[in-house]
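Novice: Just so we're aligned, residue 1 is where the sequence shown starts under full-length UniProt numbering, counting upward by one. Provided herewith is a single structure, encoded as structure tokens, for subsequent inquiry.
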Amino acid sequence: TLAACYAYDRKKHMARTIALGEGLVGQCYFEKETIVLHQVPKDYIRITSGLGTAAPGFVAIIPLKTNDQVNGILEIASFKKLSDNTVKFLEKAAEAFASVIQSMKTNDHVRTLLEASQRQTEELRSQEEEMRQNMEEIQAIQEQMSRQLERNTAIRHALEAREKVLGLTTILSESDLHGTITFVNEKFCEISQYSQEELIGKAHNLIRHPEMPKEIFRQMWAEIKAGKAFNGIIKNRKKDGSHYWVDSTIVPVIEDGQTVKYIGARYHIKDDDVAEKLFFRQMRRMGLLDLVR
């Protein structure tokens, strides 16, 4: 593309773009050598001044090259022939121009690379900051999870300790909706003298003492089927036929509004006199005292 001119037909040629290989200028670009015209065609070019225009008698087309790299073309038209020394001077000047142009291109390229590098550096810095924040969030979550795990572990240990204490002091059992035993703890087996194998799958009335009024168990079933807890003093029978008293609590386990099983917790009352007093007090409260007299 024509970049600059002097004493040239600006309106006609200032925006002109010459294709590579087009005319003498294109030929000069490819050959990278100076082209000199001593006989210039009449329609080749016009020199313009304040007095008018005229055709030149001499044209020199000089490549602006450095290190065999063409950075532009310098075209000079004159009314008279330029000497060889003048042409050589112009070639030297063209080399200087080419060096400046090449330096400017290199600077522009370096500036572009620097700007790209700065953008990449800024992007990397932004990504590093984002990663740092993410790592801090992850670390905070890990610390929170670690604290929660410690709390859960402490709670689990506490529950295990309570369960152990409960298992050592409390007679525990579970049964289905029909009263069939599905679970008993070691304390249950110890007091009743039955093994787990002998109890699981059997009805709870296996340990019921025949002296216990059936009306107590009717009320018990009525309460737990209604979703309420039952508490009472119960006289049970061991495997060897002897009796033992328990303070019994039966509660229904409800899931999604439906009772799915029953859990029983019983405390062994070792003193028969105390147990009988509590039992008679219970029967009086339930209005069943006449059943034991």
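Every residue, glycine too, gets a C-beta built ideally from N, C-alpha and C. Just so we're clear, the structure is a prediction, and the values are computed from it rather than from any experiment.
1) Sort out for me which residues DSSP pairs R208 with in a bridge.
2) Quick one: residues in its chain with C-beta nearer than 8 Å to the C-beta of M220, no 5 flanking neighbours on either side, listed in chain order?
3) To which residues of the same chain is H209 closer than 6 Å at the C-beta, ignoring the five residues directly before and after it?
4) With C-beta atoms as the reference, is A55 less than 8 Å away from K42?
5) According to DSSP, L172 sits in a beta bridge with which residue or residues?
6) Measuring only the C-alpha atoms, how far is F280 from L289?
7) Measuring alpha carbon to alpha carbon, tell me which of R162, K80, G179 ends up nearest S218.
8) So what does DSSP say about T53, is it helix, strand or coil?
9) So, helix, strand or coil for N85, using DSSP?
10) Flag this pair as yes or no: are the beta carbons of I191 and G227 separated by less than 8 Å?
11) List the endpoints of the continuous alpha helix (DSSP H) containing I224.
12) In the DSSP assignment, what are the bridge partners of A203?
13) Contact between the segment 259 to 279 and the segment 158 to 172 is defined here as three or more beta-carbon pairs at a separation below 8 Å; is this criterion met?
14) Assign Q196 to one of three DSSP states: helix, strand, or coil.
15) Expressed to the nearest angstrom, what Euclidean distance is found between the alpha-carbon atoms of K32 and E129?
16) What number of angstroms, rounded off, separates the C-alpha of I45 from the C-alpha of P63?
17) Are the beta-carbon atoms belonging to Y262 and I216 less than 8 Å from one another?
18) R132 to L114, Cα distance in whole Å?
19) For K202, tell me which candidate among S175, E186, K214, K187 has the shortest Cα-Cα distance.
20) Are the beta-carbon atoms of residue 312 and E91 separated by less than 8 Å?
21) Taking the Cβ atom as the reference point for each residue, do V165 and S173 lie within a distance shorter than 8 Å?
22) Sort E137, N71, L177, I200 by Cα distance to F97 and report the nearest one.
23) Do T182 and I207 come within 8 Å of each other at the CB atom, strictly closer than that value?
Specialist: For this structure:
1) Residue numbering aside, residue 208 sits at position 208 when the sequence shown is read from its first letter. Beta-bridge pairing links R208 to N236.
2) Residue mapping note: residue 220 aligns to position 220 of the sequence shown, counting from 1. Cβ neighbours of M220 beyond the five flanking positions: F230, G232, I250.
3) The residue labelled residue 209 in the question sits at position 209 within the sequence shown. These residues qualify, in order along the chain: K235, N236, R237, H243.
4) Taking the first residue of the sequence shown as 1, we reach residue 55 at position 55. Taking the first residue of the sequence shown as 1, we reach residue 42 at position 42. Cβ atoms of A55 and K42: closer than 8 Å.
5) For the purposes of this step, residue 172 is taken as residue 172 along the sequence shown, with counting starting at 1. In DSSP, L172 forms a bridge with A265.
6) The residue labelled residue 280 in the question sits at position 280 within the sequence shown. The residue labelled residue 289 in the question sits at position 289 within the sequence shown. Rounded to whole angstroms, F280 to L289 spans 7 Å at the Cα level.
7) Against the sequence shown, residue 218 aligns to sequence position 218. A small fix is needed here, since residue 218 is Arg in this sequence, not Ser. Ranking R162, K80, G179 by Cα distance to R218 puts G179 first.
8) Here residue 53 refers to the residue found at position 53 of the sequence shown. If DSSP states are grouped into helix, strand and coil, T53 belongs with the strands.
9) Position 85 of the sequence shown holds residue 85. Three-state DSSP puts N85 in a helix.
10) Counting from 1 along the sequence shown, the entry for residue 191 is found at position 191. Counting from 1 along the sequence shown, the entry for residue 227 is found at position 227. No, they are not a contact pair.
11) Against the sequence shown, residue 224 aligns to sequence position 224. Taken as a continuous stretch (DSSP letters only), the alpha helix (DSSP H) holding I224 covers 214 to 225.
12) Taking the sequence shown and counting its residues from 1, the one referred to as residue 203 is at position 203. Answer is T180, bridged to A203.
13) yes
14) Here residue 196 refers to the residue found at position 196 when the sequence shown is read from its first residue. Here Q196 sits in helix by DSSP.
15) Here residue 32 refers to the residue found at position 32 when the sequence shown is read from its first residue. Here residue 129 refers to the residue found at position 129 when the sequence shown is read from its first residue. Answer to the nearest angstrom: the Cα atoms are 53 Å apart.
16) Mapped onto the sequence shown, residue 45 falls at position 45. Mapped onto the sequence shown, residue 63 falls at position 63. Near 18 Å, if we compare the C-alpha coordinates of P63 and I45.
17) For the purposes of this step, residue 262 is taken as residue 262 along the sequence shown, with counting starting at 1. For the purposes of this step, residue 216 is taken as residue 216 along the sequence shown, with counting starting at 1. The answer is no: Cβ separation not under 8 Å.
18) Walking along the sequence shown from the start, residue 132 turns up at place 132. Walking along the sequence shown from the start, residue 114 turns up at place 114. Answer to the nearest angstrom: the Cα atoms are 26 Å apart.
19) Position 202 of the sequence shown, counted from the first residue, corresponds to residue 202. Checking every option, the nearest Cα to that of K202 belongs to S175.
20) Limits of the chain in this structure are 1 at one end and 293 at the other, which puts residue 312 out of reach.
21) Here residue 165 refers to the residue found at position 165 of the sequence shown. Here residue 173 refers to the residue found at position 173 of the sequence shown. No, these two residues do not count as a Cβ contact at 8 Å.
22) Here residue 97 is taken as the residue at index 97 of the sequence shown, counted from 1. F97 has its Cα closest to that of N71, out of E137, N71, L177, I200.
23) Along the sequence shown, one-based indexing puts residue 207 at 207. Along the sequence shown, one-based indexing puts residue 182 at 182. Cβ atoms of I207 and T182: not closer than 8 Å.
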